[in-house]
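Have a look at the structure below before the remarks.
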Amino acid sequence: AERNIDKQLTITKFNLSTNQVEQMKMDHSPYFDYAEIDMETDSKGNIYIFPRMGTIILKIKPNGQMSGIGQKGSDYQKFKPGNGTEAIIPEVYSMAIDRTNDNVYLMAYSQLLRVDTAENVTAITGRWFASYRDHIFRVNDGKASIINNTTAILYTANVYGVGSIAFMNNYG
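Quick note: the sequence shown uses this note's numbering, first residue 994, plus one each step.
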């Protein structure tokens, strides 16, 4: 039996001031074919979506404007800092947003990356983390919570600062 999969994404916006609902349908995003995805929102209403094990992030602004961060089809191990589609992002395993400054943090092929509000992608760490096992799940006021899903060890890290993590505590 053949299965037809609807590759259309429907986004529903609810305007709290007018109590109106608006639906937008998107056929085949230019950024990726739909797969198992993860999604986060920032304090300004921007939506960030990534396909699991993908190398790009899709940003949807509250007005519906879409932009890509990272290069579709890039090598899953390579990283190159840059802005928007100029950046090369390795395979993304997990994502979290620090709502105090709306920076997006990615666990991408064993390293922690930051995407700022201007879509600049920088590395916070080298390849310190366990591939496929360490996942970032929350960032609050500059403190990242990272868990190793094999050993059940919880880490916290201070992600403020450029190019390095100032400290890391192992709560395992």
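Here a beta-carbon is modelled for each residue, glycine too, at the ideal position from N, C-alpha and C.
All figures in this text were calculated on a predicted structure; none of them were measured in a lab.
Give a yes or no on whether the C-beta atoms belonging to D1128 and S1087 are separated by under 8 Å. As a working note, residue 1128 is residue 135 in the sequence shown. As a working note, residue 1087 is residue 94 in the sequence shown. The sequence as given places His at residue 1128; Asp does not occur at that position. It is a contact, given that the beta carbons lie within the stated cut-off.
Cutoff 7 Å; reference N1113; Cβ partners in own chain excluding five residues on either side: Here residue 1113 corresponds to residue number 120 of the sequence shown, with the count starting at 1. Taken in chain order, the residues that qualify are N1076.
Just how far apart, CA to CA, sit A1123 and I1082? Within the sequence shown, the letter at position 130 stands for residue 1123. Within the sequence shown, the letter at position 89 stands for residue 1082. In a straight line, the C-alpha of A1123 is about 17 Å away from that of I1082.
Proximal residues to D1071 (C-beta, below 7 Å), its chain only, five neighbours per side dropped: Counting from 1 along the sequence shown, the entry for residue 1071 is found at position 78. A quick correction: the sequence has Lys, not Asp, at residue 1071. Closer than 7 Å at Cβ, skipping near neighbours: I1081, P1083.
Tell me whether T1011 is buried or exposed, calling it buried when 16 or more other Cβ atoms sit within 10 Å of its Cβ. The sequence position of residue 1011 within the sequence shown is 18, counting from 1. It counts as exposed.
As a quick exercise: from G1038, I1050, G1063, pick the residue whose alpha carbon is nearest that of N1056. Here residue 1056 is taken as the residue at index 63 of the sequence shown, counted from 1. Nearest C-alpha to N1056: G1038.
When burial is assigned at 16 or more other CB atoms within 10 Å of the CB, is A1145 buried or exposed? What you label residue 1145 is simply residue 152 of the sequence shown in a count that begins at 1. It counts as exposed.
Per DSSP, K1136 forms a beta bridge with which residues? Your numbering for residue 1136 matches position 143 in the sequence shown. Its beta-bridge partners are N1133, N1151.
Could you please give me the residues that DSSP links to T1115 through a beta bridge? The sequence position of residue 1115 within the sequence shown is 122, counting from 1. According to DSSP, which records beta bridges pairwise, T1115 is partnered with R1107.
Cα separation between V1132 and T1034? In the sequence shown, the residue the question calls residue 1132 occupies position 139. In the sequence shown, the residue the question calls residue 1034 occupies position 41. The alpha-carbon atoms of V1132 and T1034 are separated by roughly 13 Å.
Going by DSSP, name the residue or residues bridged to G1061. Looking up residue 1061 in the sequence shown gives position 68. In DSSP, G1061 forms a bridge with L1051.
Measure the C-alpha to C-alpha separation of T1118 and Q1058 and round it to an integer number of angstroms. Within the sequence shown, the letter at position 125 stands for residue 1118. Within the sequence shown, the letter at position 65 stands for residue 1058. Looking at the two C-alpha atoms, the distance is approximately 31 Å.
Going by the CB atoms, is the gap between K1065 and I1049 shorter than 8 Å? Walking along the sequence shown from the start, residue 1049 turns up at place 56. Walking along the sequence shown from the start, residue 1065 turns up at place 72. Cβ distance < 8 Å, so I1049 and K1065 count as in contact.
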